[in-house]
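Trainee: Per my numbering, the sequence shown runs over residues 162 to 339.
Dropping a structure here in structure tokens format, bear with me for questions.
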Amino acid sequence: MTQPDPARIAGFDALLQLPGTADSAGLAIVEALSPVERDRAFNIAARRLAFQLLFEIDAGATPPDALEQRLARVEGLGPVLHERVLAMVRGSYDARAAADAEFVQLAPDWPTHRQPAVDRAILRLAHHELTLGQTPGAVVVNEAVELARHYSTEKSPSFVNALLDRVLKRLSGPAEAR
């Protein structure tokens with residue numbers, strides 16, 4: 162049995178929580194992290210927060226023009242992470258049509274309107290990150306699968322992994338070029 166990853170626990174349960182969702186027990190975990198683990202936990206938390214905001218926008222709970230106000234209420238979100246999360250959400254939201262079009266090509270039986278809203282938000286965020294190319298593709302795919310495992314259905318992690326793996330292969334080019 163594998164040991165729980167403290168950075169992942171902190172990223173999902175303790176750091177950068179939207180109001181009303183914080184787990185105070187997780188804060189002790191954050192204090193015990195090494196600096197490298199803490200950075201990783203904040204990266205995980207930023208991605209999770211961006212996913213949650215994309216989900217809220219898609220559900221109509223948060224209008225896109227209210228992101229600044231919503232982020233202002235996140236405890237512990239400094240200016241650098243604020244801008245990073247905002248850029249991830251806006252970039253993913255603005256590129257949703259391109260992401261959705263690619264996913265329809267990759268899974269014609271599961272167009273975005275048939276996907277669970279959670280999966281749709283995860284896929285759009287990961288697609289945006291993959292196309293930017295600033296984070297290693299394997300990291301983006303792995304984190305998207307973890308979001309699906311944490312927030313979606315039992316079958317969602319494999320669905321998310323399959324689609325994003327195909328996007329990653331397209332972006333990487335032919336095997337000879339790797």
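Think of the CB as a built atom: it goes at the ideal place given N, C-alpha and C, for glycine as much as any other residue.
1. Helix, strand or coil for Gly221 per DSSP?
2. For a quick check, are the C-beta atoms of Leu293 and Gly334 less than 9 Å apart?
3. In the DSSP assignment, find the unbroken alpha helix (DSSP H) run with Gly334 in it and report its ends.
4. Can you look up Arg277 in the DSSP assignment and give me helix, strand or coil?
5. Residue range of the alpha helix (DSSP H) that Gly252 falls in?
6. On a Cα-Cα basis, can you pick out the residue from Ala227, Ala206, Gln213, Glu244 that is closest to Arg281?
7. Looking at the unbroken alpha helix (DSSP H) that takes in Arg169, where does it start and where does it end?
8. Tell me which same chain residues have a C-beta within less than 8 Å of the C-beta of Asp219, skipping the five on either side of it?
9. Looking at Ala287 and Val342, is the spacing between their C-beta atoms short of 9 Å?
10. How far does the alpha helix (DSSP H) with Val301 in it extend, from its first residue to its last?
11. Examine the Cβ distances between the stretch 304–311 and the stretch 260–271 and report whether three or more of them are shorter than 8 Å.
12. Terminal residues of the continuous alpha helix (DSSP H) containing Ser231?
Mentor: In terms of the structure at hand:
1. The residue labelled residue 221 in the question sits at position 60 within the sequence shown. Reduced to three states, the DSSP call for Gly221 is coil.
2. Your numbering for residue 293 matches position 132 in the sequence shown. Your numbering for residue 334 matches position 173 in the sequence shown. No, the pair does not count as a contact, with Cβ atoms beyond the cut-off.
3. Along the sequence shown, one-based indexing puts residue 334 at 173. From DSSP, Gly334 is part of no alpha helix (DSSP H); its letter is neither H nor E.
4. As a first step, residue 277 must be located in the sequence shown, where it is residue number 116. Rather than Arg, the amino acid found at residue 277 in this sequence is Pro. Of the three classes helix, strand and coil, the one that applies to Pro277 here is coil, per DSSP.
5. What you label residue 252 is simply residue 91 of the sequence shown in a count that begins at 1. Note, Gly252: alpha helix (DSSP H), 240–255.
6. Locating residue 281 in the sequence shown gives position 120, counting from the first residue. When only C-alpha atoms are compared, the closest one is Gln213.
7. For the purposes of this step, residue 169 is identified with residue 8 of the sequence shown, where counting begins at 1. Here the alpha helix (DSSP H) through Arg169 covers 167–174.
8. Counting from one through the sequence shown, the residue named residue 219 turns up at place 58. Closer than 8 Å at Cβ, skipping near neighbours: Ala278, Arg281, Ala282.
9. In this structure the chain extends from 162 to 339, so residue 342 is not present and cannot be described.
10. The residue given as residue 301 occupies position 140 in the sequence shown. Start and end: 298–312.
11. no
12. Numbered from 1 along the sequence shown, position 70 holds the residue referred to as residue 231. Per the sequence presented here, residue 231 reads as Arg, with Ser not at that position. Start and end: 228–233.
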